[in-house]
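Comments concern the structure below.
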Amino acid sequence: MVGPVSIGVIATVAIIIFGPKKLPELGRAMGSTLREFKSATKGLTDDDFDSTKEKKETIEEAKVVATVEEPVIITKKVTTEENK
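The sequence shown maps to residues -16 to 67 in this note's numbering.
Shown next as C-alpha cells:
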C-alpha cells in the first residue's frame, strides 16, 4: 500500500533524477497521457453499452413478433381406405 512516507520517497527520488525544473513538464505529460487513456477507455465502455442496448432492443422486437394473439391449431386430415 502506498502511504505518505512512500510518496515522499518517490518524490525525493524523482527530484534527484529529473531535477526540479523538469518535474512540472513531466507532470503535464503524465496528466495528458492519463486523460487520453481515460477518454479512450470511456469510448470502449460506451461502445459496449450501445451494443448491449441494441441487442436488448432486438430481443424485445423478436418477442413482440413471436407473440400470437390467438393460437393456431394445425391438423392434418387422415384418410384411410375405409373412409373413402
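Each residue gets a CB set at the ideal place from its N, CA and C atoms; glycine is no exception. None of these values were measured; they are calculated from a predicted model.
Taking Cβ positions, are F20 and L9 nearer each other than 9 Å? The residue labelled residue 20 in the question sits at position 37 within the sequence shown. The residue labelled residue 9 in the question sits at position 26 within the sequence shown. Their beta carbons are not under 9 Å apart, which means F20 does not touch L9 by this criterion.
Practice task
Could you round the C-beta distance between I(-1) and L6 to whole angstroms and report it? I think they count as a contact, below 8 Å.
Solution key: For the purposes of this step, residue -1 is taken as residue 16 along the sequence shown, with counting starting at 1. For the purposes of this step, residue 6 is taken as residue 23 along the sequence shown, with counting starting at 1. The pair is not a contact, with the Cβ atoms about 11 Å apart (cut-off 8 Å).
The ligand SAH heavy atoms versus the CB of T28: any closer than 8 Å? Ligands displayed in this structure: none; no statement on the ligand SAH is therefore possible.
Quiz prompt | Nearest-angstrom Cα separation, counted from K39 out to M(-16) | solution = In the sequence shown, residue -16 corresponds to position 1, counting from 1. In the sequence shown, residue 39 corresponds to position 56, counting from 1. So the two alpha carbons sit approximately 41 Å from each other.
For this session: For K4, collect the residues of the same chain with a Cβ closer than 8 Å to its Cβ; drop the 5 residues on either side in sequence, then sort them by chain order.
Result: In the sequence shown, residue 4 corresponds to position 21, counting from 1. If we look at K4 and ignore the five residues flanking it on each side, it has no Cβ neighbours.
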